Amino acid sequence: MRREEILELLKHKRTKCMVYTRVMGYHRPVESFNIGKKGEHIERKQFKEEKCKIAV
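If you want the working numbering, it's the position in the sequence shown, counting the first as 1, plus 2.
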């Protein structure tokens, strides 16, 4: 099955997901951004912070 067919088949199970990002110390929904700010958000690099490794 193609991706589009699977999405259409499971459409009734899907719900809208609100994505928030931190802006100037508070959280805002990305959907409220203007076109320029949405573009900046897409270009951001995501990272995973790991625990500090302390030598014993």
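Note that beta-carbon positions come from the ideal geometry of N, C-alpha and C, so glycine has one too. All of these numbers come straight from a predicted model, not from anything done at the bench.
By the DSSP assignment, the alpha helix (DSSP H) with residue i in it spans what residues?
i	result
ARG5	5-11
GLU51	It is not in any alpha helix (DSSP H) - GLU51 carries neither H nor E in the DSSP assignment.
GLU33	Taken as a continuous stretch (DSSP letters only), GLU33 belongs to no alpha helix (DSSP H), as it is neither H nor E.
Taking DSSP's pairing of strands, which residues face residue i in a bridge?
i	result
VAL25	TYR28
CB residue i to CB residue j, shorter than 9 Å?
i	j	result
ARG16	TYR22	no
What is the DSSP secondary structure of residue i, counted as helix, strand or coil?
i	result
ILE56	coil
Rounded to the nearest angstrom, what separates residue i and residue j at their Cα positions?
i	j	result
ARG4	GLU10	10 Å
PHE35	GLU6	27 Å
CYS54	GLU42	30 Å
GLY27	GLU51	19 Å
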